[in-house]
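Undergrad: Please see the structure below; I have some questions.
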Amino acid sequence: MQACVPDNQLIRLVAGELTAAEREQVMSHLHTCAKCRHAWEELRATWELLGQADGPLPEKDLAPRVLQAATRSRSRKIRWIAVARVAATIMLAAGIGIVAGVLAPPTAPYATGATAVSDEQMIEMLGLDAMDAGTDLLTGIFEADHTGSDMDQEQAL
Amino acid sequence: MRRIGLGEMNALALLVRRYQDRVRRTAYRILGRWDMADDVAQEAFLRIYRGASRYQPTAAFPTWLHRIVVNLCLDALKRRRAVAYDALESVPESPRPDPLIQQERVRAVQRELARLPERQRIAVVLHRFEGLAHKDIAEVTGWSESAVESLLVRAYARLRERLQEWVET
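The structure is reproduced here in structure tokens:
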């Protein structure tokens, strides 16, 4: 007599998963073993019963819901792509700016340029030479004013 | 899938209408609630839509679809650990009502199915209702074939024991 059929083989038998040869072998054992035959009959009955588990399927068409959600998801994706593009452009521009700043030749230092100009040149640049005459005039007025004051003091005495 | 990948909404609608009943039923059998099953089905089709452009037909489409649905159901179960089979209350009335005994039998089977541990239930749903072989269940769930075998043996033994009276009816 063959060894008893394990449960997993009975399940495969009921589900129709055994090959023809396997099936024949198991069935021949079931003919001779009441215990295995009983187990098989019970399993088969349970299998059939499970097939009755379904109530009616409630009518529903998911297509409109799915399409709406898919469209929303696509718009969101497009928006994100647009935002990402703008962000990438800004980053790129900033990057180019930084790189250009690093690679550009150094400009002439401001402070050293001042010493290169002579005092005469600076006076000429600022137009101070034109004011020399005015300065003399102011000095004359000051002196005249000062003299006048002395005369007043003498007269008072 | 190629047309969906190109953004053709008509192709997506066709696919949804072709598979929605199957997906909803599978999700319902695992989750036990139609509202959750519908949400899972919608999300499954959206994932297909989003992944369509990258889809490589390395696995059969139904296997891929099952994988998505099972993963979504597992996520949904995680979010809602205690799945009461409230759905039993909402088993819709058939247009031609079944005899009372038949309705009772349906309820009993659904109840016992719902009482199975999560992984056993998924294995039974894919095996008995979706007609997947052990190997395919292993592929869909990512569990080993021997784990699937063990889950099925325990699940059917339990169902056989719990549904004894209905089997004899």
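Heads up: the protein sequence lines correspond to chains Y and C, in order. Position 135 (the first sequence) corresponds to 1513 in the working numbering; numbering is contiguous. Position 24 (the second sequence) corresponds to 46 in the working numbering; numbering is contiguous. Built from N, CA and C at the ideal position, the CB exists for glycine as well.
Consult DSSP for residue 1430/Y and reduce its assignment to one of helix, strand or coil.
TA: Coil.
Undergrad: Could you check the C-alpha separation between residue 44/C and residue 147/C for me, to the nearest Å?
TA: Near 12 Å, if we compare the C-alpha coordinates of residue 147/C and residue 44/C.
Undergrad: With DSSP run on the structure shown, which of helix, strand or coil describes residue 77/C?
TA: Looking at residue 77/C - three-state DSSP - the assignment turns out to be coil, as it is neither helix nor strand.
Undergrad: What does residue 175/C touch in chain Y if you count any residue whose Cβ is under 7 Å from its own?
TA: Neighbours of residue 175/C on chain Y, chain order: 1385, 1386 and 1389.
Undergrad: What's the C-alpha gap between residue 188/C and residue 92/C?
TA: Using only the alpha carbons, I get a separation of about 29 Å.
Undergrad: Give me the subset of the stretch 1410–1444 of chain Y whose CB atoms are less than 8 Å from a CB atom of chain C, sorted by chain position.
TA: Result list: 1420, 1421, 1423, 1424, 1425, 1427, 1428, 1429, 1430, 1431, 1432, 1433, 1434, 1435, 1436, 1438, 1439, 1440, 1441, 1443 and 1444.
Undergrad: Going along chain C, which residues have a C-beta under 8 Å from residue 1395/Y?
TA: Those are 155 and 156, listed as they occur along chain C.
Undergrad: Check whether the stretch 57–71 of chain C touches the stretch 1463–1481 of chain Y, counting contact only when three or more Cβ pairs, one atom from each stretch, lie closer than 8 Å.
TA: No, they do not touch.
Undergrad: What are the start and end residues of the alpha helix (DSSP H) that includes residue 1438/Y?
TA: It is not in any alpha helix (DSSP H) - residue 1438/Y carries neither H nor E in the DSSP assignment.
Undergrad: Quick one: is residue 1458/Y buried, meaning 16 or more other Cβ sit within 10 Å of its Cβ, or exposed?
TA: With fewer than 16 Cβ atoms within 10 Å of its Cβ, residue 1458/Y is classed as exposed.
Undergrad: If you measure from the beta carbon of residue 1448/Y to each beta carbon in chain C, is any gap under 7 Å?
TA: Yes, its Cβ sits closer than 7 Å to a Cβ of chain C.
Undergrad: Please state whether the Cβ-Cβ distance between residue 1418/Y and residue 1427/Y is less than 7 Å.
TA: No, the pair does not count as a contact, with Cβ atoms beyond the cut-off.
Undergrad: Distance, Cα to Cα, residue 169/C vs residue 1401/Y?
TA: Residue 169/C and residue 1401/Y: Cα-Cα distance of roughly 23 Å.
Undergrad: Buried or exposed: residue 153/C, going by 16 or more other Cβ atoms within 10 Å of its Cβ?
TA: By the neighbour-count rule (16 or more Cβ atoms within 10 Å), residue 153/C is not buried but exposed.
Undergrad: Considering only their Cβ atoms, is the gap separating residue 50/C from residue 59/C smaller than 7 Å?
TA: In this structure, residue 50/C lies closer than 7 Å to residue 59/C by Cβ.
Undergrad: Return helix, strand or coil for residue 1502/Y, following the three-state DSSP convention.
TA: Three-state DSSP puts residue 1502/Y in a helix.
Undergrad: To be precise: take each residue of the stretch 76–87 of chain C, compare its Cβ to all Cβ atoms of chain Y, and keep it if any distance is under 8 Å. Which residues remain?
TA: Per Cβ criterion, the list is empty.
Undergrad: If you count every other CB in all the chains shown that lies within 10 Å of the CB of residue 1437/Y, and 16 or more means buried, which is it?
TA: Under this definition residue 1437/Y is an exposed residue.
Undergrad: Taking Cβ positions, are residue 145/C and residue 99/C nearer each other than 7 Å?
TA: In this structure, residue 99/C does not lie closer than 7 Å to residue 145/C by Cβ.
Undergrad: Of all Cβ atoms in chain Y, is any one closer than 7 Å to the Cβ of residue 165/C?
TA: No, because no Cβ of chain Y sits closer than 7 Å to the Cβ of residue 165/C.
Undergrad: Counting C-beta neighbours from all protein chains within 10 Å, is the total for residue 57/C 16 or more, i.e. buried, or is it exposed?
TA: Classification for residue 57/C: exposed.
Undergrad: Exposed or buried, what is residue 1481/Y when buried is set at 16 or more other beta-carbons lying within 10 Å of its beta-carbon?
TA: The residue in question, residue 1481/Y, is exposed, as its Cβ has fewer than 16 Cβ neighbours within 10 Å.
Undergrad: Residue 166/C by DSSP, collapsed to three states: which one?
TA: Coil, per DSSP.
Undergrad: Taking 7 Å as the threshold (C-beta atoms), are residue 1431/Y and residue 131/C in contact?
TA: Yes, they are a contact pair.
Undergrad: Who are the neighbours of residue 1451/Y on chain C, taking C-beta pairs under 9 Å?
TA: Those are 68, 71 and 72, listed as they occur along chain C.
Undergrad: Does the beta-carbon of residue 1387/Y have 16 or more other beta-carbons within 10 angstroms, so that it is buried, or is it exposed?
TA: Residue 1387/Y comes out buried.
Undergrad: Going along chain Y in order, which residues have a C-beta closer than 8 Å to the C-beta of residue 189/C?
TA: Near residue 189/C (Cβ distances below 8 Å), the residues of chain Y are 1420, 1423, 1424 and 1427.
Undergrad: Relative to the C-alpha of residue 97/C, which candidate in 179/C, 140/C, 42/C and 156/C has its C-alpha closest?
TA: Answer by Cα proximity: 140/C.
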